[in-house]
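*Asks:* Mapping of the sequence shown onto my numbering: residues 115 to 268, in sequence order.
The C-beta atom is built at its ideal place from N, Cα and C for all residues, glycine as well.
To start, I am sharing the structure in question, which I have written as structure tokens.
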Amino acid sequence: MAGGIEVNHREVVRIIMSLKKEFLGFGPVPCKFDRVQGIVAGYKDDEKKICQWNQSTVVILKREEKLMNSIKIARKIMLDRNDDTTLGTTHLFAAPTYEPHLSLAYSHQHLGSFIVNKNVPPDFEANEVALWRTDPSSLEGVKKWYEIDRFSLC
């Protein structure tokens with residue numbers, strides 16, 4: 115819902131308490147997939163090939179009302195913003211898709227050499243929220259994942 119934020123312990127506690135309060139009784143969130151999309155690594159500088167992101171395959175979620183509401187609530191709490199420009203751009207979602215998505219594969223390879231499965235995963239309902247800390251956040255990947263908290267939406 116909101117990645118790449120850096121906060122101290124006190125702020126993590128505030129975020130968890132606020133998320134639990136706002137999502138109490140919210141109910142399951144339908145996650146319906148639209149399409150699988152391959153992405154060539156995006157570059158800040160095409161001549162020098164300085165890589166900005168390395169997602170190779172993502173699956174795009176449909177912008178269903180309950181999904182969008184849950185994302186807006188979480189971003190308001192986690193990023194302390196009230197608008198849809200929480201990424202410092204005019205987009206609610208980050209590049210390269212500018213869509214709600216799940217990253218399925220990461221690679222620095224050009225898409226022509228990366229096999230992409232075009233089958234869209236089955237839709238599902240999200241019944242809980244999990245907050246994770248990842249370290250380090252880099253183009254080389256995330257080596258460590260730490261679950262901070264998990265709670266029910268129902």
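Terminal residues of the continuous beta strand (DSSP E) containing Arg-264?
*Replies:* 258-266
*Asks:* CB Pro-214 to CB Ile-191, shorter than 8 angstroms?
*Replies:* Their beta carbons are not under 8 angstroms apart, which means Pro-214 does not touch Ile-191 by this criterion.
*Asks:* Nearest CA to the CA of Leu-218: which residue from Arg-124, Phe-265, Leu-175?
*Replies:* Leu-175
*Asks:* Which partner residues does Glu-178 have in the DSSP bridge list?
*Replies:* Beta-bridge partners of Glu-178 (DSSP): none assigned.
*Asks:* Using only alpha-carbon positions, find the residue among Lys-180, Phe-265, Gly-152, Val-150 that is nearest to Pro-144.
*Replies:* Lys-180
*Asks:* Mind checking Leu-133: buried by the 16 CB within 10 Å criterion, or exposed?
*Replies:* buried
*Asks:* Just the C-alpha distance for Asn-122 and Phe-137, rounded to the nearest angstrom, thanks.
*Replies:* 22 angstroms
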